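In the numbering used here, the protein residues as written are 34 to 157.
Just so you know, even glycine gets a beta-carbon here, dropped at the ideal spot from N, CA and C.
In this text, all values refer to a predicted model and were calculated from it rather than measured experimentally.
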Amino acid sequence: EPQSSFLRMSTAIFLFLTVAFYTPVAIHIYREGKVYRSFVLEQPEMWKELPNFVVYRFDLWVATTPKWKEYILVGFSLFVVTFGGAVFSCSTGTGLGESMSAVWIFMVDSGAHGDLHGTSLHAW
């Protein structure tokens with residue numbers, strides 16, 4: 034049982050940190066949406082320019098944000114591990130912590146751990 038409670042706690046901490054990382058991102062995207070909406074209210078034909086607006090604002094964020102590559106890498110990795118772990122857990126019936134651990138292993142070292150599929154995986 035102690036290992037089981039440790040696995041649940043580590044999974045909960047990982048999910049909490051994921052939410053903590055994505056909350057400022059969601060707030061920033063929401064604010065950008067409000068800016069775009071104000072442009073559309075001023076100039077109704079601007080709604081056609083959403084792809085250009087997104088590309089421009091992302092380019093501006095990259096140009097003005099130090100360590101933007103690290104943010105993108107962390108965000109993408111968290112998404113893959115969390116979403117991939119959930120899908121892996123639903124499709125195999127293993128626990129979420131074990132599934133996220135398997136996704137992480139396959140993502141960072143896919144060639145060396147392919148034989149772990151179907152065995153008792155150790156989470157975090």
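In three-state DSSP terms, what is D92? Here residue 92 is taken as the residue at index 59 of the sequence shown, counted from 1. Helix, per DSSP.
Tell me the DSSP secondary structure of A156 in three-state form. As a first step, residue 156 must be located in the sequence shown, where it is residue number 123. Legend: pLDDT at A156 = 44, less than 50; position of this residue unreliable, value from coordinates given subsequently. Coil, per DSSP.
Between the Cα of S110 and the Cα atoms of T125, C123, M133, A96, which residue gives the shortest distance? Mapped onto the sequence shown, residue 110 falls at position 77. The residue with the shortest Cα to Cα distance from S110 is M133.
Buried or exposed: which applies to F47, given that a residue is buried once 16 or more other Cβ atoms fall within 10 Å of its Cβ? The sequence position of residue 47 within the sequence shown is 14, counting from 1. With 16 or more other Cβ atoms within 10 Å, it is buried.
Compare the beta carbon distance of F39 and G108 with 9 Å and say whether it is the shorter of the two. In the sequence shown, residue 39 corresponds to position 6, counting from 1. In the sequence shown, residue 108 corresponds to position 75, counting from 1. No. Outside cutoff.
As a quick exercise: from P57, E78, Y69, pick the residue whose alpha carbon is nearest that of Y89. Here residue 89 refers to the residue found at position 56 when the sequence shown is read from its first residue. Nearest of P57, E78, Y69 to Y89, Cα basis: Y69.
Could you tell me the alpha carbon to alpha carbon distance between S71 and L106, rounded to whole angstroms? Counting from 1 along the sequence shown, the entry for residue 71 is found at position 38. Counting from 1 along the sequence shown, the entry for residue 106 is found at position 73. Answer to the nearest angstrom: the Cα atoms are 31 Å apart.
Here's the rule: buried if 16 or more other CB atoms are within 10 angstroms of the residue's CB, otherwise exposed. What is G4? What the structure shows of the chain is the stretch from 34 to 157, and residue 4 is not part of that stretch, so it cannot be assessed.
Whole-Å CB distance - W137 paired with V114, under 8 Å assumed: Position 104 of the sequence shown holds residue 137. Position 81 of the sequence shown holds residue 114. Rounded, the Cβ-Cβ distance is 5 Å, consistent with contact.
Assign P84 to one of three DSSP states: helix, strand, or coil. In the sequence shown, residue 84 corresponds to position 51, counting from 1. Residue state, collapsed to three classes: helix.
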